[in-house]
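J.: Can you read through this structure? Questions will come right after.
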Amino acid sequence: MASGVEPRVGLAPIFGLFRDGEGGFTTVAVAVSLVLSLSLVFGAASAAWVAGRSSEVQRVADACALAGENTVAAFSTVVQVVDACVLSMGLAGVIVLGAGLVVSCVPGLSAAGAEVTSAGGRILEARRSFASSAGEGIERLETTLPLLIVANSASCVEANEAGGVSYTGCAIPFPTESRSDFSALEADVDEDELVELSGQMQEVSDEVDEAQRRADEAKERAWRADCVTEPYCLRERAASLAGLGIGENPDYPTVDGWTFGVPLLRARAYYAARLASAHVGGSGAEEMTDSACRRAFYEYALEEVRSGSYEEHADGTVSVDLPSLPRNAEQTRGTRLYTDAMWPCSVEGGVRTLHSSTLCPGAGGSPSGSASLADAEAGSVATCDQCRMDIGDMGRVASASTSIANGFEHHWRIIVEASRDYEAARRDEAAAEARLRGLAEQGEGAFERAIEELSVARPTLCPPGAWGCVAVVARSGSSVPSELTASFLSSAELPEGVAVSAAALAPDDATAENNVLSSFFDSLGAGESALGGALDGVTELWGRLLVGYGSAYESVGSAGSEFLGGLDGVLGGSVGSWLRERLERVLRAAGFEPVDMRLRKPVLTNTQDVLDQVGLERISTVRSLVNALPDSGSAFDLACAAGLWLVDAVGTDEFTLAEILVPGTGLSIPLTIDLSRMGGGS
Numbered sequence: 002m003a004s005g006v007e008p009r010v011g012l013a014p015i016f017g018l019f020r021d022g023e024g025g026f027t028t029v030a031v032a033v034s035l036v037l038s039l040s041l042v043f044g045a046a047s048a049a050w051v052a053g054r055s056s057e058v059q060r061v062a063d064a065c066a067l068a069g070e071n072t073v074a075a076f077s078t079v080v081q082v083v084d085a086c087v088l089s090m091g092l093a094g095v096i097v098l099g100a101g102l103v104v105s106c107v108p109g110l111s112a113a114g115a116e117v118t119s120a121g122g123r124i125l126e127a128r129r130s131f132a133s134s135a136g137e138g139i140e141r142l143e144t145t146l147p148l149l150i151v152a153n154s155a156s157c158v159e160a161n162e163a164g165g166v167s168y169t170g171c172a173i174p175f176p177t178e179s180r181s182d183f184s185a186l187e188a189d190v191d192e193d194e195l196v197e198l199s200g201q202m203q204e205v206s207d208e209v210d211e212a213q214r215r216a217d218e219a220k221e222r223a224w225r226a227d228c229v230t231e232p233y234c235l236r237e238r239a240a241s242l243a244g245l246g247i248g249e250n251p252d253y254p255t256v257d258g259w260t261f262g263v264p265l266l267r268a269r270a271y272y273a274a275r276l277a278s279a280h281v282g283g284s285g286a287e288e289m290t291d292s293a294c295r296r297a298f299y300e301y302a303l304e305e306v307r308s309g310s311y312e313e314h315a316d317g318t319v320s321v322d323l324p325s326l327p328r329n330a331e332q333t334r335g336t337r338l339y340t341d342a343m344w345p346c347s348v349e350g351g352v353r354t355l356h357s358s359t360l361c362p363g364a365g366g367s368p369s370g371s372a373s374l375a376d377a378e379a380g381s382v383a384t385c386d387q388c389r390m391d392i393g394d395m396g397r398v399a400s401a402s403t404s405i406a407n408g409f410e411h412h413w414r415i416i417v418e419a420s421r422d423y424e425a426a427r428r429d430e431a432a433a434e435a436r437l438r439g440l441a442e443q444g445e446g447a448f449e450r451a452i453e454e455l456s457v458a459r460p461t462l463c464p465p466g467a468w469g470c471v472a473v474v475a476r477s478g479s480s481v482p483s484e485l486t487a488s489f490l491s492s493a494e495l496p497e498g499v500a501v502s503a504a505a506l507a508p509d510d511a512t513a514e515n516n517v518l519s520s521f522f523d524s525l526g527a528g529e530s531a532l533g534g535a536l537d538g539v540t541e542l543w544g545r546l547l548v549g550y551g552s553a554y555e556s557v558g559s560a561g562s563e564f565l566g567g568l569d570g571v572l573g574g575s576v577g578s579w580l581r582e583r584l585e586r587v588l589r590a591a592g593f594e595p596v597d598m599r600l601r602k603p604v605l606t607n608t609q610d611v612l613d614q615v616g617l618e619r620i621s622t623v624r625s626l627v628n629a630l631p632d633s634g635s636a637f638d639l640a641c642a643a644g645l646w647l648v649d650a651v652g653t654d655e656f657t658l659a660e661i662l663v664p665g666t667g668l669s670i671p672l673t674i675d676l677s678r679m680g681g682g683s
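What follows is the structure, encoded as structure tokens:
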């Protein structure tokens, strides 16, 4: 070896620890390899565990935000149901009151009108009571809403603790205080005018009914005298005494289609026939006088009935002018038969004498014109000793035929008297109908005003959390499970962590035709109305209006029209029918805007989207919330530190919001809310 060169140390001794002389691995090499491999495996597992737990805090924050906003969604649904009840009950009450007006206009149905009107008033009173209690209940529930949001979101955070990792946090609603306006729930409907008008209509319709009854009774009385053989009648007497055929003497088996013009035409034909066949003569002066009086009576009667008339007017009145024929001497004195100079006179023995006919045996002197029975009774002319013509003879002509049932004039008198009663009744009926029409016009205006009172804007719903909920969740530091580090690694720590998330409500298009209100109505167990009669459809009406809350514009008109159209006894052309059509038109024109009935569901959103509505800057707001976490002993402390005013205005797990009286049933059903389920269980 050359001088100055240091000797080299070989690596053989070191390699010899791991490899033997034959090229294999030693025991030391194997042991070192196993330790190194296991350390790498457990190290990787520990790192994966830490990474997994680190990311879970964001998932918990997301669930926390959704849980808080789920409570807001539940509250929104409660308010929608309450508002739908208040609106639909108001509409049902006003529509039933309108039906009461319509029924009150129908003669003979005043009692039913009073019943329907009373039912409408009771519905509005129930609505008034429900709206008041529900408004108070909603305000109390909304006051408690921040507490419920914090409680439900904190419960969600706690439920996600697992594997030794604990979380603290809750959702903070924005706005933090209510900005709702529920005054629309308290908008009242003044039914006094409708009730008062209904009462007035009932009184006037009773007058119409009484007038119609009198008119119908008079008409039937006259028809029976004209056409009903018991065993005699005007038609039968005209056929028997004058031989009139069916053409001039028609028969009316029923009062329908019969008018007072029928007996008038019959009388004209009858007296024309009797006059044509009447001849003055006889075997003696007395018979001659009787025949002369009969002919004079027939001539007078024919002139009278020819001047008679029957006319119906557009205003519902009638003009009936059927002449009364005298049936005794006293009544004859009031006719032309007494005053007209229609009897021949002659000079007998120097005295001017009145005769029944020129054929009178006592008329032997020179003719001396004619005179009246009034002249004879006054002594201006003398009475013939032979024919003895005087007012008594003339008065006896119609006396017998008027007094007994087999006389034509007997039935004619009944018809004439009935015609006067009929004319007066129709006049009274028309006057009452005119007053009723005026009241109906007032009723239309009052009904329209009542509907307008209900068409106010619906409640403005902006409770805490309406803009969204921001969740802040902190994870406390924790040790990595010893199973992952023992024997191979030193103990590891999962550091503290914080995550922020936000959720807001979004309409669920899949629920545009939701059955929340339908299910709610079904749950009330309301069947047919217990009131009966005209009120059988009240419960169904309310149900249709309630379920149609989401499309009120069209459902109000259709449901109301169908209910009004189902009223019995309202005949076309009547005041009631006119009013019903007018009320249906008001309902169709009512300006009820459709309500968006899509359910709201919580969805994750950007935190800044929520904070922008409040006017807060994201970084500073989140930082202040995060800074509050370490000093907070609980989620409620965090909420208070964030400025929430947590109030328990309910004080129980089950809260009775209000009691609702189901229209038409008399059932009072409490609306109870299970507060433990308002969070929805995110």
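For the sequence shown, my numbering begins at 2 and goes up steadily by one.
Even glycine gets a Cβ: it sits at the ideal position worked out from N, Cα and C.
Note that the structure is predicted; figures quoted are calculated from it, not measured.
1) Once you ignore the five residues that flank Leu142 on each side, which residues in its own chain have a CB closer than 8 Å to its CB?
2) Check Pro362 in the structure and name its three-state DSSP category.
3) With DSSP collapsed to three states, give me the class of Asp175.
4) What's the gap between the Cα of Glu686 and the Cα of Arg438?
5) In whole angstroms, what is the alpha-carbon distance linking Val417 and Leu323?
6) Mapping the DSSP letters down to three states, classify Trp344 as helix, strand or coil.
7) To the nearest whole angstrom, what separates the beta carbons of Leu146 and Gly466, a pair I think is in contact under 8 Å?
8) Suppose you measure from the CA of Met395 to the CA of Arg421; what does that come to, to the nearest Å?
9) Out of Ile173, Val648, Val457, which has the shortest C-alpha to C-alpha gap to Asp182?
10) Can you grab the Cα-Cα spacing for the pair Ser199 / Gly114, in whole Å?
11) To the nearest whole angstrom, what separates the beta carbons of Pro174 and Gly69, a pair I think is in contact under 8 Å?
12) On the CB-based measure, 16 or more other CB atoms within 10 Å of its CB, does Gly534 come out buried or exposed?
13) Distance, Cα to Cα, Leu685 vs Ala112?
14) How far does the alpha helix (DSSP H) with Arg267 in it extend, from its first residue to its last?
15) Counting along the chain, where does the alpha helix (DSSP H) carrying Val648 start and finish?
16) Rounded to a whole number of angstroms, what is the C-alpha to C-alpha distance between Val499 and Glu162?
17) Kindly list the residues whose CB is nearer than 6 Å to the CB of Ser154, restricted to its own chain and excluding five residues on each side of it in sequence; keep chain order.
18) Taking the alpha carbon of Val107 as the reference point, which residue from Leu639, Ser677, Gly573 has its own alpha carbon closest?
19) Look at Arg307 and Arg337 and say whether their C-beta atoms are less than 9 Å apart.
20) Out of Gln59, Val58, Leu98, which one is the CA nearest neighbour of Gly444?
21) For Ser184, count neighbouring C-beta atoms within 10 Å of its own C-beta (all shown protein chains included) and say buried if the count is 16 or more, exposed if not.
22) Arg353 by DSSP, collapsed to three states: which one?
23) In angstroms with no decimal places, state the Cα-to-Cα distance between Met390 and Gly309.
24) Just grab the DSSP bridge partners of Leu148 for me.
25) Which word fits Thr230, buried or exposed, when buried means at least 16 other C-beta atoms lie within 10 angstroms of its C-beta?
26) Excluding the five sequence neighbours on either side, which residues of its own chain have a C-beta within less than 7 Å of the C-beta of Ala431, listed in chain order?
27) Between which residues of its own chain and Asp207 is the CB-CB distance below 8 Å, once the five residues before and five after are set aside?
28) Out of Gly350, Val352, Ser371, Gly351, state which residue places its alpha-carbon closest to the alpha-carbon of Thr359.
29) Taking C-beta to C-beta, are Glu287 and Cys388 nearer than 9 Å?
30) I'd like the list of long-range same chain contacts for Val256, defined as Cβ closer than 7 Å, with 5 residues on each side in sequence excluded.
31) Can you give me the Cβ contacts of Thr461 inside the same chain, cut-off strictly under 7 Å, excluding the 5 residues immediately before and after it?
32) Per DSSP, Tyr168 is paired with what?
33) Check whether the Cβ atoms of Ile452 and Leu92 sit closer than 9 Å, and answer yes or no.
34) Within its chain, find whatever has a CB closer than 7 Å to the CB of Tyr271; leave out the 5 residues flanking it on each side and keep chain order.
35) Taking 9 Å as the threshold (C-beta atoms), are Leu440 and Gln201 in contact?
36) Rounded to a whole number of angstroms, what is the C-alpha to C-alpha distance between Ile415 and Ala226?
T.: According to the data block:
1) Hits under 8 Å: Phe76, Val79, Ala650, Val651, Phe656, Leu658, Ile674.
2) Secondary structure of Pro362 (DSSP, three-state): coil.
3) Checking the displayed sequence, the identity of residue 175 turns out to be Phe instead of Asp. In the three-state scheme derived from DSSP, where H, G and I count as helix and E and B as strand, Phe175 is classed as strand.
4) Because the chain here runs from 2 to 683, residue 686 falls outside it and cannot be looked at.
5) Whole-angstrom Cα-Cα distance: 6 Å.
6) In this structure, DSSP gives Trp344 an extended state, which the three-state scheme calls strand.
7) That pair is a contact at about 7 Å.
8) The straight-line gap from Cα to Cα measures roughly 26 Å.
9) Comparing Cα-Cα distances from Asp182 to each of Ile173, Val648, Val457, the minimum goes to Val457.
10) Between the C-alpha atoms of Ser199 and Gly114 there is a straight-line separation of about 7 Å.
11) Right, their Cβ atoms sit about 6 Å apart.
12) In this prediction, Gly534 has a pLDDT of 48, which is less than 50 and means its spatial position is unreliable; what the coordinates show is noted afterwards. Gly534 should be labelled exposed.
13) Nothing can be reported for residue 685, as the shown portion of the chain is limited to 2 through 683.
14) Looking at the DSSP string, the run of the alpha helix (DSSP H) that includes Arg267 is 262–278.
15) Note, Val648: premise wrong, no alpha helix (DSSP H); not H, not E.
16) If you take the alpha carbons of Val499 and Glu162, they lie about 14 Å apart.
17) Same-chain partners within the cutoff: Cys65, Ala68, Gly69, Cys171, Ala172.
18) Checking every option, the nearest Cα to that of Val107 belongs to Gly573.
19) Using a Cβ distance threshold of 9 Å, Arg307 and Arg337 do not count as a contacting pair.
20) Selected option, being the one with the closest Cα: Leu98.
21) The residue is exposed, with fewer than 16 neighbouring Cβ atoms inside 10 Å.
22) Correct three-state label for Arg353: strand.
23) Straight-line spacing of the CA atoms in Met390 and Gly309 works out to 29 Å.
24) Looking at the DSSP output, Leu148 shares a beta bridge with no other residue.
25) Residue environment analysis places Thr230 among the exposed positions, since fewer than 16 neighbouring C-beta atoms fall within 10 angstroms of its C-beta.
26) Cβ-Cβ distances below 7 Å link Ala431 to Asp316, Gly317, Thr318 in the same chain, with the five nearest sequence neighbours on each side left out; the list follows chain order.
27) Excluding sequence neighbours, Asp207 sits near Pro108, Ser111.
28) Selected option, being the one with the closest Cα: Ser371.
29) Yes, the Cβ-Cβ distance between Glu287 and Cys388 is below 9 Å.
30) Excluding sequence positions up to five before and after Val256, its CB lies within less than 7 Å of the CB of Lys220, Glu221, Trp224, all in the same chain and listed in chain order.
31) If you ignore the 5 residues before and after Thr461, its C-beta comes within less than 7 Å of the C-beta of Ser181, Asp182, all in its own chain and listed in chain order.
32) Answer is Arg476.
33) The answer is yes: Cβ separation under 9 Å.
34) Listed in chain order, the non-local C-beta contacts of Tyr271 below 7 Å within the same chain comprise Ala239, Ala243, Leu245, Phe409, local neighbours out to five positions each way being set aside.
35) Yes, these two residues count as a Cβ contact at 9 Å.
36) Rounded to the nearest whole angstrom, the C-alpha separation of Ile415 and Ala226 is 7 Å.
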